[in-house]
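Order-wise, the sequence lines are chains Z, H, R and W. Each residue of the first sequence is one higher than the one before, starting from 84 at the first, in my numbering. Each residue of the second sequence is one higher than the one before, starting from 84 at the first, in my numbering. Each residue of the third sequence is one higher than the one before, starting from 84 at the first, in my numbering. Each residue of the fourth sequence is one higher than the one before, starting from 84 at the first, in my numbering. Note that beta-carbon positions come from the ideal geometry of N, C-alpha and C, so glycine has one too. See below for the structure under consideration.
4 protein chains.
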Amino acid sequence: MPKRTFNRLDDDKKERVMRAAIGEFQAHGFEKAKIEVIAQNAGVAKGSIYQYFDDKKELFIYSVTWALEYFMKVIDRQTPLKDMDVYDYFLSGSRERFKLLKREPLLVAFSMDVVSGKYGSLAKEVNSELNRIGEEYELKLIANGRKRGTIRDDLDDKTLLLFFQGVTEKFTTEIMEKAEGFKYEPTEEQYCEMESLMRKMVSLLKQGMGR
Amino acid sequence: MPKRTFNRLDDDKKERVMRAAIGEFQAHGFEKAKIEVIAQNAGVAKGSIYQYFDDKKELFIYSVTWALEYFMKVIDRQTPLKDMDVYDYFLSGSRERFKLLKREPLLVAFSMDVVSGKYGSLAKEVNSELNRIGEEYELKLIANGRKRGTIRDDLDDKTLLLFFQGVTEKFTTEIMEKAEGFKYEPTEEQYCEMESLMRKMVSLLKQGMGR
Amino acid sequence: MPKRTFNRLDDDKKERVMRAAIGEFQAHGFEKAKIEVIAQNAGVAKGSIYQYFDDKKELFIYSVTWALEYFMKVIDRQTPLKDMDVYDYFLSGSRERFKLLKREPLLVAFSMDVVSGKYGSLAKEVNSELNRIGEEYELKLIANGRKRGTIRDDLDDKTLLLFFQGVTEKFTTEIMEKAEGFKYEPTEEQYCEMESLMRKMVSLLKQGMGR
Amino acid sequence: MPKRTFNRLDDDKKERVMRAAIGEFQAHGFEKAKIEVIAQNAGVAKGSIYQYFDDKKELFIYSVTWALEYFMKVIDRQTPLKDMDVYDYFLSGSRERFKLLKREPLLVAFSMDVVSGKYGSLAKEVNSELNRIGEEYELKLIANGRKRGTIRDDLDDKTLLLFFQGVTEKFTTEIMEKAEGFKYEPTEEQYCEMESLMRKMVSLLKQGMGR
DNA sequence: CATGAATGAGAATTCATTCAT
DNA sequence: TATGAATGAATTCTCATTCAT
């Protein structure tokens, strides 16, 4: 969706532009985000932004896409675990995911805002795609649970999904807020705290939707 | 926070102004909401809005307050049930709350957006007050549960609160979206569907955090 | 020039309105002076101002007139000295005039601004009248001096007038600024300081334009 | 104080903008001066003004600075006469200064208004700087006079300064008003009239503060 | 392609004046 | 007459987008 001038750019400049855009959108919202500021922070001229993207909206939409793809790449690399148990999912690899929160707080915060609907209709397309992918993944986890008989069978998938999403989103947000509070690389203690919270969450999930 | 001029207005005009403001903010977000449109929809002159409020921001903040107080009033009237069991809470009076969603879809949608953080820092003050009130209420429910021994005692209040909030917010949102889809007074069938969902949620809550 | 509704007012209210107006014009200039503030400070309704005066401009012009007349009254009462010597003028009654500065700093400051042309064309009529009166008085003083032979006769009246005005206005302004600095009734010391300055000024005037 | 954008402009445009601004401020005062009119007269877009200056106020303040600096430049070139006698000062180069008044009536009128305090607190900073510079210069002239013994020694500098300023400001204003009345290049007769007035003034100054 | 000055549509805000009570 | 809410014309200021260099 960006113009081909953007794609031809060297990776460093591309990344600078995207991070500057995401930072500005995240900080001030779509309306108050200024193209000029984005350009400055990216170290390019204001006019250049318009060589790369048709308009502000397109820049925003691509920012969402870019953030999404960034996570896809990183997460795929870290958790290629598709037929895992629902409950195990959160316990395995949690340190890696936690590190990620610390390493990319901006992208995380931005993505959270997108998912939470803060940008309204603007991010709709990308967001619905994102939701679809997430939901598919979660339904897969639920299906796995059903096969193994670790999930109660008096409730339909849709209800279980709501429950699962409600609980995990809430705890994830909590952890993210914690992560933002810490500075630098998390300490062992912080890891433990986070893992403890994860374990409590899994316990609640297990009791709630378990058989 | 509105000026004296606003408070002296007759109730009808006050309500017209607030509903026009909320409608506009809800529809277009704070930045794109136009004072002129709000004034028109309220049937007053643009300048009058500035006789009532210092500026757009204050009008917005008061809109949040107004919506909050509206619900306070209505809900207080409907559910004066402070030492209820956690699980009963959602089952009792659910039809009344459901009706409310249908009667005031605008206020509901607006409040949801405020709570979900869609307006960012603007609504922060009012919103944090709102959160505090909600949380207090929920902790009370949890405390009630602990006294009666209906809640597992291996988890701390904070964790239980996260679980409780996550689940109930998700299901509430789902119901609200359903309610928006229906037109006019809900049918018996719709009530049943909603109550069924509530029952499923309570079942998950009970299993998850119950003893 | 005010409407007859204003003239019918009791003296106290009239004075309150005029002082409120003068205070506001003096503080913020004509453009930024707010009718609302004037009304509030006068203790009347905004609408009432429009019962008294056609518009803001008229209120302003009458403010100038009112201040002028106030001084006429007071000064006439204090210095009915028409065929005085130029040089004596400033020495006689200077304490009374100094007291006046302290008693009515607002009116003094306002009048000074009017005379100095701060209100541009607005005060033109009143101001030119004021100038005419002042000039007439000063020319009279000069004529007196000529008769007595205390004034050099190699210069025309116009030049002498410029000289006289330049010197006296400057010293007057200086004294006025001093007066504003003091609080409450001037002390004996302050009187002396002021009289000393007057005497120096007269010495310069005398040497400059004297024979 | 203008933005970088303004400084990068070519000199012609800079001058056009400043003259348009000064003309508008001079004609209507700060409050009633319209940015739109300034832009039109400068031949630029309204928005451009805001690329150059933060707001109307800053544009005004820079207008004052610009006019001041203009005179500094021109006068420095014309009268590099720092240890001149007080009385000679006004006689030497008076034709050049008179020409200046005719050539730049706008700047002169504007500067006069600034100095006379017509813009109130707005120009305060720039104006106090301007006053300081002027006063310094005048005190220097007085000091020169003292050294040569051409100034009476029974009066302090402060008093002499007041006298000097009062007289010269009044005569200068008179001359300026005359200059405005003439059109085009002054005639020989006009020069003579002006020089005559200057000579009379010096005579009064000399007698007044001379030994 | 990069740059950054120019543009002007669009919105917020002000406040003198009117007018119904 | 007094009051103060209502009105809307008038102005400032913003910033996405264009375009000449």
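Please say whether Lys-139 of chain W and Ile-118 of chain W have beta carbons closer to each other than 7 Å? To locate residue 118 of chain W, count along the fourth sequence from 1; it is residue 35. To locate residue 139 of chain W, count along the fourth sequence from 1; it is residue 56. Contact flag set, yes.
Would you grab the beta carbon distance between Asn-210 of chain Z and Val-198 of chain Z for me? Rounded to a whole angstrom, and I think it's under 8 Å. The count along the first sequence starts at 1 and reaches residue 210 of chain Z at position 127. The count along the first sequence starts at 1 and reaches residue 198 of chain Z at position 115. The Cβ separation is near 7 Å, so the contact holds.
Using a beta-carbon distance cut-off of less than 7 Å, what residues from the region 239-254 of chain W approach chain R? Along the region 239-254 of chain W, going in chain order, the ones with a CB nearer than 7 Å to a CB of chain R are Thr-242, Leu-245, Phe-246, Gln-248, Gly-249, Val-250, Glu-252, Lys-253 and Phe-254.
Name the DSSP beta bridge partners of Gly-293 of chain R, please? Residue 293 of chain R sits at position 210 when you count from the first residue of the third sequence. Paired residues: R:Ile-234.
Taking the alpha helix (DSSP H) that Lys-96 of chain W belongs to, which residues open and close that run? In the fourth sequence, counting from the first residue as 1, residue 96 of chain W sits at position 13. Unbroken alpha helix (DSSP H) run through Lys-96 of chain W: 94-115.
Please determine whether the Cβ atom of Gln-123 of chain H lies at a distance below 6 Å from any heavy atom of the ligand PLP. Among the ligands in the structure shown, none appear at all, so the ligand PLP cannot be discussed.
Measuring only the C-alpha atoms, how far is Val-250 of chain W from Glu-141 of chain H? Here residue 250 of chain W refers to the residue found at position 167 when the fourth sequence is read from its first residue. Here residue 141 of chain H refers to the residue found at position 58 when the second sequence is read from its first residue. Each residue's Cα considered, the two are about 55 Å apart.
For Lys-201 of chain R, would you say it is in contact with chain W, using Cβ-to-Cβ distances shorter than 7 Å as the test? Taking the third sequence and counting its residues from 1, the one referred to as residue 201 of chain R is at position 118. Yes, its Cβ sits closer than 7 Å to a Cβ of chain W.
Determine, using beta-carbon pairs with one atom in the region 130-137 of chain W and one in the region 120-131 of chain R, whether at least three such pairs fall under 8 Å. No, the region 130-137 of chain W is not in contact with the region 120-131 of chain R.
Here's a check: name, in chain order, each residue in its chain whose Cβ is nearer than 7 Å to the Cβ of Gly-106 of chain H, leaving out the five neighbours to either side. Locating residue 106 of chain H in the second sequence gives position 23, counting from the first residue. Cβ within range, chain order: Asn-124 and Leu-189.
For Leu-287 of chain W, go through chain R and note every residue whose CB falls closer than 7 Å to its CB, in chain order. The residue labelled residue 287 of chain W in the question sits at position 204 within the fourth sequence. Chain R residues near Leu-287 of chain W: Phe-246, Gly-291 and Met-292.
Measure from the alpha carbon of Glu-257 of chain H to the alpha carbon of each residue in H:Met-277, H:Val-169 and H:Leu-222, then state which is nearest. Along the second sequence, one-based indexing puts residue 257 of chain H at 174. The residue with the shortest Cα to Cα distance from Glu-257 of chain H is H:Met-277.
Put Met-84 of chain H into one of helix, strand or coil per three-state DSSP. The sequence position of residue 84 of chain H within the second sequence is 1, counting from 1. Here Met-84 of chain H sits in coil by DSSP.
Residue range of the alpha helix (DSSP H) that Asp-171 of chain H falls in? Numbered from its first residue, the second sequence carries residue 171 of chain H at position 88. 169-174 is the span of the alpha helix (DSSP H), which, as asked, contains Asp-171 of chain H.
Return the residues of the region 109-141 of chain R that lie within a Cβ-Cβ distance of less than 9 Å from chain W, sorted by chain order. The region 109-141 of chain R vs chain W, Cβ under 9 Å: His-111, Gly-112, Phe-113, Glu-114 and Lys-115.
Comparing alpha-carbon positions, which option in H:Arg-180, H:Phe-143 and H:Asp-168 lies nearest Val-157 of chain H? Counted from its first residue, the second sequence places residue 157 of chain H at position 74. Val-157 of chain H has its Cα closest to that of H:Arg-180, out of H:Arg-180, H:Phe-143 and H:Asp-168.
Give the straight-line distance between the Cα atoms of Val-169 of chain W and Gly-228 of chain W, rounded to the nearest whole angstrom. On the fourth sequence, residue 169 of chain W is found 86 positions in, with the first residue counted as 1. On the fourth sequence, residue 228 of chain W is found 145 positions in, with the first residue counted as 1. In this structure, the CA atom of Val-169 of chain W is about 6 Å from the CA atom of Gly-228 of chain W.
Could you give the distance in angstroms between the alpha-carbon of Thr-233 of chain R and the alpha-carbon of Thr-270 of chain W? Within the third sequence, the letter at position 150 stands for residue 233 of chain R. Within the fourth sequence, the letter at position 187 stands for residue 270 of chain W. Between Thr-233 of chain R and Thr-270 of chain W, the C-alpha separation is close to 37 Å.
CA-CA distance, Glu-187 of chain H and Phe-247 of chain H? Here residue 187 of chain H is taken as the residue at index 104 of the second sequence, counted from 1. Here residue 247 of chain H is taken as the residue at index 164 of the second sequence, counted from 1. Those two C-alpha atoms are separated by around 25 Å.
Selection from Z:Gly-200, Z:Met-281 and Z:Arg-294 that minimises the alpha carbon distance to Ser-175 of chain Z: Taking the first sequence and counting its residues from 1, the one referred to as residue 175 of chain Z is at position 92. The residue from Z:Gly-200, Z:Met-281 and Z:Arg-294 with its alpha-carbon nearest to that of Ser-175 of chain Z is Z:Met-281.
Leu-242 of chain Z burial status per 10 Å Cβ neighbour count (16 or more: buried): Here the question's residue 242 of chain Z lines up with position 159 in the first sequence. Reading off the sequence shown, one finds Thr at residue 242 of chain Z, where the question assumed Leu. Buried, by the Cβ-count rule.
Chain-ordered neighbours of Glu-257 of chain H on chain Z, where CB pairs are closer than 7 Å: Residue 257 of chain H sits at position 174 when you count from the first residue of the second sequence. Leu-245, listed in chain order.
As a quick exercise: from Z:Phe-173, Z:Gln-109, Z:Arg-99 and Z:Phe-108, pick the residue whose alpha carbon is nearest that of Phe-254 of chain Z. Numbered from its first residue, the first sequence carries residue 254 of chain Z at position 171. It is Z:Phe-173.
Report yes if the C-beta distance between Tyr-145 of chain W and Met-195 of chain W is below 7 Å; otherwise report no. Your numbering for residue 145 of chain W matches position 62 in the fourth sequence. Your numbering for residue 195 of chain W matches position 112 in the fourth sequence. No.
Boundaries of the alpha helix (DSSP H) in which Thr-270 of chain H is found, first to last residue: Locating residue 270 of chain H in the second sequence gives position 187, counting from the first residue. Taken as a continuous stretch (DSSP letters only), Thr-270 of chain H belongs to no alpha helix (DSSP H), as it is neither H nor E.
Could you give the DSSP three-state label for Ser-217 of chain Z: helix, strand or coil? On the first sequence, residue 217 of chain Z is found 134 positions in, with the first residue counted as 1. Before going further, note that residue 217 of chain Z is Gly rather than Ser in the sequence given. Correct three-state label for Gly-217 of chain Z: helix.
When the cut-off is 7 Å and only beta carbons count, does Lys-283 of chain Z lie next to chain H? For this step, residue 283 of chain Z is matched to residue 200 along the first sequence. Put simply, the CB of Lys-283 of chain Z is near chain H, with a gap under 7 Å to one of its CB atoms.
For Ala-128 of chain R, name the three-state secondary structure that DSSP assigns. In the third sequence, the residue the question calls residue 128 of chain R occupies position 45. In the structure shown, the three-state DSSP call for Ala-128 of chain R is coil.
Leaving out five residues on either side along the sequence, give the residues of the same chain with a beta carbon under 7 Å from the beta carbon of Thr-148 of chain H. Working through the second sequence from its first residue, we reach residue 148 of chain H at position 65. Within the same chain, and ignoring the five residues on either side of Thr-148 of chain H in sequence, the residues whose Cβ sits closer than 7 Å to its Cβ are Val-209.
Just tell me which of H:Gly-217, H:Gly-293 and H:Leu-213 has its CA closest to the CA of Leu-236 of chain H. Here the question's residue 236 of chain H lines up with position 153 in the second sequence. Per the sequence shown, residue 236 of chain H should be read as Asp rather than Leu. Restricting attention to H:Gly-217, H:Gly-293 and H:Leu-213, the CA atom closest to the CA of Asp-236 of chain H is found in H:Gly-293.
In terms of residues, what are the limits of the alpha helix (DSSP H) holding Ala-262 of chain Z? Within the first sequence, the letter at position 179 stands for residue 262 of chain Z. From DSSP, the alpha helix (DSSP H) with Ala-262 of chain Z extends over 240-264.
Please check the pair Ser-283 of chain H and Leu-238 of chain Z, which I expect to be a contact at CB under 8 Å, by giving their CB distance rounded to whole angstroms. Start at 1 with the first residue of the second sequence, and residue 283 of chain H comes out as number 200. Start at 1 with the first residue of the first sequence, and residue 238 of chain Z comes out as number 155. Contrary to the premise, residue 283 of chain H reads as Lys rather than Ser in this sequence. The Cβ separation is near 6 Å, so the contact holds.
Please state whether DSSP places Ser-177 of chain Z in a helix, a strand or coil. Start at 1 with the first residue of the first sequence, and residue 177 of chain Z comes out as number 94. Looking at Ser-177 of chain Z - three-state DSSP - the assignment turns out to be helix.
Buried or exposed (CB count within 10 angstroms, at least 16 for buried), Gly-112 of chain R: In the third sequence, residue 112 of chain R corresponds to position 29, counting from 1. That one is buried.
Suppose the cutoff is 8 Å on Cβ atoms and the five residues either side in sequence are ignored; what does the same chain contact list for Leu-287 of chain W look like? Translated into positions along the fourth sequence, residue 287 of chain W becomes position 204. These residues qualify, in order along the chain: Val-250.
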